Amino acid sequence: MSWIKEGELSLWERFCANIIKAGPMPKHIAFIMDGNRRYAKKCQVERQEGHSQGFNKLAETLRWCLNLGILEVTVYAFSIENFKRSKNEVDGLLDLARQKFTSLMEEQEKLEKHGVCIRVLGDLHLLPLDLQEQIAQAVQATKNYNKCFLNVCFAYTSRHEITNAVREMAWGVEQGLLDPSDVSESLLDKCLYTNHSPHPDILIRTSGEVRLSDFLLWQTSHSCLVFQPILWPEYTFWNLCEAIFQFQMNHNTLQKARDMYAKERKRHQLERDQAAVAEQLLQEGLQASGDVQLRRTRLRKLSARREERVQSFLQALERKRADWLARLATTSA
């Protein structure tokens, strides 16, 4: 089955889509594609067939999203916790991934036509080397496409991602690229695997489970969470419309929460900067200075120097990650 399933919506689907588009539309949807194994049991087929049908449904869902103007999708394809399943099932999932990334490399014309950028988010070091190389090739082949984005979370959990982001910041301090005082929520956000993406507007989980299973915990703090009872391989366009409608019903509340959080983050950073300037003046014996202009000038300089350090660090981090992927892709070429 192709990664890119082309085709227009049906008449009734277009009618529904036009109604939905009258309201605020999500730009980014994340999916926990749950229920493949239960679907296989229900249909009395092998688990591997359930996972294969789940991939087919992903391709169909991407087509719906593209037709609705939703240009970024993130999917939970393989959790680090999945390594705890039986060897046969894990091997089957990894073999399926090999097949699908092989087929992806055969679809370059479609990917280029639609401008689909594939990103794979997770700790790829945990995967077999041949699969790492396949993934690196796919990412490298589509990295310059920018019309729409598919983020595949593979060998991923949110706690692992956050832990890795903390390690990256510690590396930055160790390398002299950052001061310890530069470490903040904002910087951690930029060190996550998802640093190139806006946070999801909607997170959808199928199969009736009402939990996040360690998926995008940081990024979905102000997202609309939608839990639907249907098994993933049976997901329909109408289920997607229902989720979008729930987002629209809660859009104003979610936006207010996001705005308040952004303001609070800025206020907290300003307070930290003001405290740092006060400490500087104290060390220089100028703590009693009532010169407001002096404090403002110091504040601007401190902020500018921090931003310069942060940008240099982020560029170095980006190069480190990109170079590793490029080496992997070259090895497999």
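In this note's numbering, the protein residues as written are 605 to 937. Virtual Cβ for every residue (Gly too), placed ideally from N, Cα, C. The structure presented is a predicted model; accordingly, all values stated were derived computationally and were not measured.
- Secondary structure of residue 636 (DSSP, three-state): strand.
- Shown here for residue 693: same chain residues with a beta carbon closer than 7 Å to its own, the five before and five after excluded, namely 651 in chain order.
- Counting only residues of its own chain and dropping the five nearest sequence neighbours on each side, residue 662 has a CB closer than 7 Å to the CB of 637 and 679.
- If you draw a straight line from the Cα of residue 747 to the Cα of residue 860, it comes to about 34 Å.
- The shortest C-alpha to C-alpha distance from residue 797 to any of 733, 902 and 926 is the one to 926.
- Taking the C-beta atoms as reference points, residue 684 is found nearer than 9 Å to residue 726.
- Looking at the DSSP output, residue 752 shares a beta bridge with 720.
- Judged by DSSP secondary structure, residue 626 falls outside any alpha helix (DSSP H); it is assigned neither H nor E.
- Counting only runs of 4 or more residues that sit fully inside the segment 828-883, the alpha helix (DSSP H) segments are 841-853, in chain order.
- Looking at the backbone, the Cα of residue 827 and that of residue 631 are separated by about 12 Å.
- Beta-bridge pairing by DSSP links residue 676 to 632 and 753.
- Around residue 616, the same chain offers no residue with a beta carbon nearer than 6 Å, after the five sequence neighbours per side are excluded.
- Judged by DSSP secondary structure, residue 771 falls within the alpha helix (DSSP H) whose first and last residues are 762-778.
- Between the segment 778-786 and the segment 704-715 there are fewer than three inter-stretch CB-CB distances shorter than 8 Å, so the stretches are not counted as touching.
- Close CB contacts of residue 669 within its chain, under the 6 Å cut and outside five residues either way in sequence, are with 677 (chain order).
- Residue 811 carries a coil assignment under DSSP once its states are collapsed to helix, strand and coil.
- For residue 607 and residue 825, the gap between their C-alpha atoms comes out near 30 Å.
- With respect to the 9 Å criterion, residue 696 and residue 835 are not classified as neighbours on the basis of their beta carbons.
- Between residue 763 and residue 816, the CB-CB gap reaches or exceeds 9 Å.
- Beta-bridge annotation (DSSP): residue 806 is paired with 633 and 828.
- Taking the Cα positions, residue 831 is about 42 Å away from residue 935.
- Annotated three-state conformation of residue 819 is coil, per DSSP.
- In this structure, the alpha-carbon of residue 848 lies about 25 Å from that of residue 642.
- In the DSSP assignment, residue 683 forms a beta bridge with 760.
- Distance from the Cα of residue 755 is smallest, within the candidate group 681, 808 and 713, for 681.
- About 27 Å separates the beta carbon of residue 698 from that of residue 752, a gap too long to meet the 8 Å contact definition.
- With fewer than 16 neighbouring CB atoms inside 10 Å of its own CB, residue 646 falls in the exposed class.
- Of the other Cβ atoms in all chains shown, 16 or more fall within 10 Å of the Cβ of residue 724; this residue is therefore buried.
- For residue 725, the three-state secondary structure derived from DSSP is strand.
- Counting along the chain, residue 782 sits inside no alpha helix (DSSP H), nor does DSSP assign it H or E at all.
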